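Working notes, beginning with the structure itself.
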Ligand SMILES: *Cc1c(COP(=O)(O)O)cnc(C)c1O
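Below you can see the structure in the form of structure tokens.
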């Protein structure tokens with residue numbers, strides 16, 4: 148683990164011609180196996196689990212589920228993954244779920260309607276019982292609870308004095324909620340949601356209430372760059388990601404990071420940032436596999 152993570156300046160004409168500086172906050176280099184915001188969100192939770200098994204939730208290709216499996220192995224805690232969709236139990240497992248079991252995670256498959264009701268206390272109790280995990284420490288789907296959001300505050304603190312605007316991709320918004328809280332008053336966080344039509348503004352406010360007891364920092368969202376929804380990666384996005392990777396030699400995680408950078412380039416070209424603005428883009432993860 149290495150903190151603070153590196154901050155690299157890029158030369159990119161799409162920013163330079165608008166007199167903007169572009170920095171990459173390389174959170175993907177935080178740890179060789181457990182990268183980016185997942186490290187910042189999960190490590191405080193595994194500490195809080197204090198030796199109990201850790202139980203969490205995810206879909207067929209969940210970055211959060213894979214990261215929890217990895218974290219469990221690294222920190223020596225048993226991990227249980229509740230997977231959305233009983234059909235996914237069929238062998239061979241898909242590569243993402245195979246990664247989970249290879250890291251020692253025990254998978255428990257539930258049907259979609261049960262999965263949807265997993266935050267209902269009775270349903271959760273039944274899932275825990277069936278999974279043999281009555282004593283487990285539960286981390287919510289996507290990993291954003293109070294400890295996770297507070298863990299991401301350090302990301303903002305590392306960026307104090309280095310940028311005017313800090314951009315990050317948003318799933319649950321937990322990373323943005325913590326990041327914004329850690330920035331200095333003259334800095335702003337900019338979130339690019341990768342899910343379509345969510346209620347993310349309200350959810351981020353709720354996460355800040357939960358973690359800090361109120362609103363913190365300044366942040367905005369730009370909802371235009373989800374490309375049709377979670378895990379939708381049309382050819383135009385892949386072309387952008389391949390080109391960015393070739394120009395700058397940064398591995399492009401397609402579900403989150405590529406959408407965020409695509410959005411930043413579009414905003415720069417639209418003239419959304421005043422001349423002289425320094426924009427930092429958080430590289431929250433690495434491509435899988
Ligand atoms: C999980 C993930 C995110 C989203 O984080 P949230 O805290 O849920 O908003 C962003 N980028 C990458 C690479 C991720 O794996």
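In our numbering, the protein residues as written are 148 to 436.
The beta-carbon is built from N, C-alpha and C at its ideal position, and this holds for glycine as well.
The structure presented is a predicted model; accordingly, all values stated were derived computationally and were not measured.
task: Name the residue from 206, 396 and 303 whose alpha carbon lies nearest to the alpha carbon of residue 242.
output: Here residue 242 is taken as the residue at index 95 of the chain shown, counted from 1. Of the listed residues, the one whose Cα sits closest to residue 242 is 206.
- prompt: So is residue 252 buried or exposed if we call it buried at 16+ other beta carbons inside 10 Å?
  reply: Position 105 of the chain shown, counting from 1, holds the residue named residue 252. When all chains shown are included, residue 252 counts as buried.
- request: Measure the C-alpha to C-alpha separation of residue 189 and residue 295 and round it to an integer number of angstroms.
  value: Within the chain shown, residue 189 is the residue found at index 42, counting from 1. Within the chain shown, residue 295 is the residue found at index 148, counting from 1. Rounded to the nearest angstrom, the gap between the Cα atoms of residue 189 and residue 295 is 6 Å.
task: Report the option in 259, 209, 290 and 244 whose CA atom is closest to the CA atom of residue 233.
output: By one-based count along the chain shown, residue 233 stands at place 86. Residue 259 is the option with its Cα nearest to residue 233.
query: Quick one, which of 388, 366, 359 and 343 has its alpha-carbon nearest residue 440's?
result: It is not possible to answer for residue 440, since the shown part of the chain is limited to 148 through 436.
field: Per DSSP, the bridge partner or partners of residue 229
entry: On the chain shown, position 82 is the one that residue 229 refers to. Looking at the DSSP assignment, residue 229 forms a beta bridge with 204 and 255.
query: Going straight from the alpha carbon of residue 317 to that of residue 301, what length do you get?
result: Taking the first residue of the chain shown as 1, we reach residue 317 at position 170. Taking the first residue of the chain shown as 1, we reach residue 301 at position 154. If you draw a straight line from the Cα of residue 317 to the Cα of residue 301, it is about 17 Å long.
task: Report yes if the C-beta distance between residue 314 and residue 337 is below 7 Å; otherwise report no.
output: Taking the chain shown and counting its residues from 1, the one referred to as residue 314 is at position 167. Taking the chain shown and counting its residues from 1, the one referred to as residue 337 is at position 190. Yes, the pair counts as a contact, with Cβ atoms nearer than the cut-off.
query: Is it true that the CB of residue 400 sits closer than 7 Å to the CB of residue 151?
result: Sequence index remark: in the chain shown, residue 151 carries index 4 (1-based). Sequence index remark: in the chain shown, residue 400 carries index 253 (1-based). Contact: no.
task: State the start and end residues of the unbroken alpha helix (DSSP H) segment that holds residue 322.
output: Along the chain shown, one-based indexing puts residue 322 at 175. Residues 321-329.
task: Using three-state DSSP, classify residue 155 as helix, strand or coil.
output: Counted from its first residue, the chain shown places residue 155 at position 8. Three-state DSSP puts residue 155 in a strand.
- prompt: Which whole-angstrom value is the C-beta distance of residue 201 and residue 283, which I expect to be below 8 Å?
  reply: Working through the chain shown from its first residue, we reach residue 201 at position 54. Working through the chain shown from its first residue, we reach residue 283 at position 136. About 6 Å separates the two Cβ atoms, so the contact holds.
- request: Can you say whether residue 386 is buried or exposed, counting buried as having 16 or more other CB atoms within 10 angstroms of its CB?
  value: Numbered from 1 along the chain shown, position 239 holds the residue referred to as residue 386. So residue 386 ends up on the exposed side.
Residue 330 vs residue 303 beta-carbon contact at 7 Å: As a first step, residue 330 must be located in the chain shown, where it is residue number 183. As a first step, residue 303 must be located in the chain shown, where it is residue number 156. Yes, the pair counts as a contact, with Cβ atoms nearer than the cut-off.
For residue 165, the nearest candidate out of 430, 418, 429 and 434 (CA to CA): In the chain shown, the residue the question calls residue 165 occupies position 18. Minimum Cα distance to residue 165 is reached at 418.
Environment of residue 194 [buried if 16+ CB atoms lie within 10 Å]: Start at 1 with the first residue of the chain shown, and residue 194 comes out as number 47. By the C-beta density criterion, residue 194 is exposed, having fewer than 16 other C-beta atoms within 10 angstroms.
field: Nearest-angstrom Cα separation, counted from residue 427 out to residue 153
entry: Against the chain shown, residue 153 aligns to sequence position 6. Against the chain shown, residue 427 aligns to sequence position 280. About 12 Å.
task: From the DSSP output, read off the bridge partner residues of residue 172.
output: Translated into the one-based positions of the chain shown, residue 172 becomes position 25. Partner(s): 154 and 429.
- prompt: Closer than 6 Å: is that where the CB of residue 247 sits relative to any heavy atom of ligand 1?
  reply: Locating residue 247 in the chain shown gives position 100, counting from the first residue. Not under cutoff, so the answer is no.
- prompt: According to DSSP, what are the bridge partners of residue 335?
  reply: Looking up residue 335 in the chain shown gives position 188. DSSP output for residue 335 lists 312 as bridge partner(s).
message: Any contact between the stretch 266-286 and the stretch 171-179? By contact I mean 3 or more CB pairs, one from each, below 8 Å.
response: no
- request: Compute every distance between the C-beta of residue 298 and the non-hydrogen atoms of ligand 1, then say whether any falls below 6 Å.
  value: As a first step, residue 298 must be located in the chain shown, where it is residue number 151. No, the beta carbon of residue 298 sits no closer than 6 Å to any heavy atom of ligand 1.
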